[in-house]
Amino acid sequence: MRTVEEHQAAVTALLPLMPEESLPVAAAHGRVLARDVVAAVALPGFDNSAMDGYAARWAEVGGAAGRPVRLPVAEDIPAGRTDVVPLAPGTVHRIMTGAPLPPGADVVVPVELTDGGTELVEIRDSPAAGTHLRRAGEDIAAGAVALSAGSPLGAAQLGLAAAVGLTELPVRRRPRVLVLSTGSELVAPGEPLQPGQIYESNSLLLAAAVEEAGGVPRRLHFVPDDVEQFLGTVRAELAGRAGEAPDLLVTSGGVSAGAYEVVKDAFAGLGTVEFGKVAMQPGGPQGAGTVDGVPVVTLPGNPVSAFVSFEVFVRPALRRALGHASPDRLRAPARLTGPLRSPGGRRQFLRGRYDGGEVFQVGGPGSHLVAHLARANCLVVVPEDVTELAAGAEVDVVLIEGALR
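The sequence shown runs 1 to 405 under UniProt numbering.
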């Protein structure tokens, strides 16, 4: 029986780092930066004002708290003005937030400390020298690394890229993932159910999980439970459409020890996919390898088992292939609000609700409890050597989708 870490390593080893491609900044949202990029310009690009007010020499206005100082307003400097002239002694310039600071000024007096005059201004108080100034390059210098390789490109990162003059970004190509569910009992949602049939949900669940991890999913529905037909269909799909073969095949179902396990029966004979048990619950039966050179990860068929297996094995592997500097989910310590039990010798991943440093179990450990899974916002991790925990015990939780809302 493999440990969780051993199977994680086996799955991760299947997926190489995705190739680099260049995208316009506006099209790079949600992607992962492939290389460090440097700032084409400094931020700020010039000394400027942090307030609406008056650019002045502190030596001339610093005593205004004792008695008001009246000075002529020699210039108006709105944001965007490019022909800024030096500040002449004995004068001030009215200045707007973000406008370039005139040479000679060493303080900006906020308009609230004045009478707001436009030709002659009365300054009633003054902050210390150097106040309300933004110095050129204090945020980032030209030529400095603006964004590091492995950074996910969210709103703030794209805003920075544009602010430092970048028009394109080097990113990792999103992995193409073929998602396949098997089982003669499966029926498309909306169709009439016969006795013994269930609606197929795993392919939708896993495709959504692939997309959330950064991949590009494609669902393959209702592959026949005949080994030869199954293998022929899969091989045709792995050959690719329009030259776009998948980077990974993820299957669910057909990998247990019973009869009619079509995935296991079809792939085991190839000698390139290894099946076995992993010391975890849910999700014990697992498989990983290649088919016709394409990486394959086979997950169990119960929906909760498929979801947990994807979270533990496939999601981090996809994110490493995308070059994420931090491919794993966020974890947090939490205190149990109630007791729980766990089987010895297996790492348990229980569904839970995490809030304010506390966590409670959602539903039981059954791998068929999809409604309980949908209400969970974390996985409660119970180590292999722990069989019982009391209320108030500290546990490790993995924050899954929705946990931070």
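We treat Cβ as the ideally placed atom computed from N, Cα and C, and that holds for glycine.
Fair warning: this is a prediction, and the values are worked out from it, not measured in the lab.
query: Using the rule of at least 16 other Cβ atoms within 10 Å of the residue's Cβ for burial, across every protein chain shown, is residue 342 buried or exposed?; result: buried
query: Cutting at 6 Å between CB atoms, please list the residues of its own chain near residue 123, excluding the five before and the five after it.; result: 61, 64, 69, 109 and 114
query: What's the call for residue 1, buried or exposed, on a 16-neighbour Cβ count within 10 Å?; result: exposed
query: With DSSP run on the structure shown, which of helix, strand or coil describes residue 234?; result: helix
query: To the nearest angstrom, report how far apart residue 175 and residue 107 are at their CA atoms.; result: 53 Å
query: Just the Cα atoms here: how many angstroms apart are residue 19 and residue 144?; result: 25 Å
query: Please list the terminal residues of the continuous beta strand (DSSP E) segment that includes residue 107.; result: 107-110
query: Give me the DSSP bridge partner(s) of residue 277.; result: 285
query: With distances taken between CB atoms, is the gap from residue 231 to residue 179 smaller than 8 Å?; result: no
query: Taking the CB atoms as reference points, tell me whether residue 172 and residue 329 lie closer together than 8 Å.; result: no
query: Is the beta carbon of residue 149 less than 8 Å from the beta carbon of residue 160?; result: no
query: Residue 300 and residue 201 - do their beta-carbons sit closer together than 8 Å?; result: no
query: Identify which residue in 339, 225, 237 and 319 has its Cα closest to the Cα of residue 387.; result: 339
query: Rank 251, 165, 167 and 239 by C-alpha distance to the C-alpha of residue 204 and give the top, closest one.; result: 251
query: Among 25, 67, 351 and 376, which residue has its Cα nearest to the Cα of residue 382?; result: 351
query: Assign residue 85 to one of two classes, buried (16 or more other C-beta atoms within 10 Å of its C-beta) or exposed (fewer than that).; result: exposed
query: Taking the C-alpha atoms as reference points, what is the distance between residue 57 and residue 79?; result: 20 Å
query: If you run the structure through DSSP and keep just helix, strand and coil, what is residue 360?; result: strand
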